[in-house]
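Okay, so here's the structure we're looking at.
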Amino acid sequence: QELFDWTPPSGIYDGSLPSGERIRVGFRKTSLLDYPARLASVIFFTGCNFRCPWCHNRELVLGEADDLLALDECLSIIEKRKHLVQGVVLTGGEPLLQRIISELIAQIHELGLLVKLDTNGSLPEKLSALIEDPRTRPDYVALDLKTDARANELMFCRGNPKSRAACGLQGTIRGPQRSCAGLFRRGSR
Numbered sequence: 002q003e004l005f006d007w008t009p010p011s012g013i014y015d016g017s018l019p020s021g022e023r024i025r026v027g028f029r030k031t032s033l034l035d036y037p038a039r040l041a042s043v044i045f046f047t048g049c050n051f052r053c054p055w056c057h058n059r060e061l062v063l064g065e066a067d068d069l070l071a072l073d074e075c076l077s078i079i080e081k082r083k084h085l086v087q088g089v090v091l092t093g094g095e096p097l098l099q100r101i102i103s104e105l106i107a108q109i110h111e112l113g114l115l116v117k118l119d120t121n122g123s124l125p126e127k128l129s130a131l132i133e134d135p136r137t138r139p140d141y142v143a144l145d146l147k148t149d150a151r152a153n154e155l156m157f158c159r160g161n162p163k164s165r166a167a168c169g170l171q172g173t174i175r176g177p178q179r180s181c182a183g184l185f186r187r188g189s190r
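Under the working numbering, the first residue of the sequence shown is numbered 2, with each subsequent residue one higher.
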């Protein structure tokens, strides 16, 4: 199977599974590493539109991890701990595949917490929509491009129809680091 060819199973990314089950995610209550200079909780979403052979979250991406929690349970824990953490990291897998991502970011912001979004950049329109709406704008976006610097231009900017990541985000990313491969920072709240 090719690295970028993948279609999500129907129903998995709409807030609940076809059986009516709640979204299940990986969860870390506290991290000192995942949000630079911040103490944060981390939500790991299942599913990804890439199949990277080096993926360190393979079981999670494929939905085969056995230590997943319901997303609403994680949010309840975060709400109880909001005085201990400064933000929440949304990662995965690919969090932009989740239909509930905009509502989730708004809900986390309503708790007074910052949001860091880790993305592979393959859904620039969805990221752009999040950034344009002040309620859903992540405070920090980490863009994880799946290439090396030499191949970056060839892979992303010379008409490769299988990845729109860097070129699609070129107009979206604003701030201190304007590079496609850089990070978008909105600043602190």
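Backbone N, C-alpha and C define an ideal beta-carbon position, used for all residues, glycine too.
From this set, the options, which residue's C-alpha is nearest residue i's C-alpha?
{"i": "residue 129", "options": "146, 46, 103", "result": "103"}
{"i": "residue 88", "options": "115, 132, 38, 57", "result": "115"}
{"i": "residue 143", "options": "52, 48, 120", "result": "120"}
{"i": "residue 86", "options": "52, 29, 134, 72", "result": "29"}
{"i": "residue 50", "options": "106, 64, 37", "result": "64"}
{"i": "residue 77", "options": "146, 109, 61, 92", "result": "109"}
{"i": "residue 90", "options": "37, 48, 69, 146", "result": "37"}
{"i": "residue 35", "options": "93, 100, 137, 112", "result": "93"}
{"i": "residue 127", "options": "47, 72, 100", "result": "100"}
{"i": "residue 79", "options": "141, 106, 145", "result": "106"}
{"i": "residue 137", "options": "111, 146, 145", "result": "111"}
{"i": "residue 83", "options": "74, 61, 113, 60", "result": "113"}
Can you tell me which residues form a DSSP beta bridge with residue i?
{"i": "residue 41", "result": "32, 88"}
{"i": "residue 208", "result": "Outside the modelled stretch of the chain, which goes from 2 to 190, sits residue 208, for which no answer is possible."}
{"i": "residue 134", "result": "DSSP, once it has assigned bridges, lists no residue as partnering residue 134."}
{"i": "residue 107", "result": "Its beta-bridge partners do not exist; DSSP assigns none."}
{"i": "residue 71", "result": "25"}
Please classify residue i as buried or exposed, where buried requires at least 16 other C-beta atoms within 10 Å of its C-beta.
{"i": "residue 123", "result": "buried"}
{"i": "residue 179", "result": "Reliability of the predicted coordinates at residue 179 is poor, the pLDDT of 37 falling under 50, and the value obtained from them is presented with this limitation in mind. Result: exposed."}
{"i": "residue 135", "result": "exposed"}
{"i": "residue 31", "result": "exposed"}
{"i": "residue 95", "result": "buried"}
{"i": "residue 67", "result": "exposed"}
{"i": "residue 81", "result": "exposed"}
{"i": "residue 118", "result": "buried"}
{"i": "residue 33", "result": "exposed"}
{"i": "residue 155", "result": "With a pLDDT of only 46 at residue 155, under 50, the local geometry of the prediction cannot be trusted, and the value read off the model is given with reservation. Classification for residue 155: exposed."}
{"i": "residue 72", "result": "buried"}
Assuming residue i and residue j make a contact with CB atoms under 8 angstroms, what is their CB distance in whole Å?
{"i": "residue 125", "j": "residue 131", "result": "Actually they do not touch by this definition, with Cβ atoms about 11 angstroms apart."}
{"i": "residue 98", "j": "residue 48", "result": "5 angstroms"}
{"i": "residue 25", "j": "residue 69", "result": "4 angstroms"}
Can you find a heavy atom of the ligand HEM that lies under 6 angstroms from the Cβ of residue i?
{"i": "residue 46", "result": "Although the ligand HEM was asked about, the structure shown includes no ligands whatsoever."}
Is there a Cβ of chain B sitting closer than 7 angstroms to that of residue i, yes or no?
{"i": "residue 117", "result": "Of the protein chains in the structure, only one exists, and it is not chain B."}
Segment contact, 8 angstroms Cβ cut-off, at least three pairs: the segment 37–44 with the segment 55–64: no
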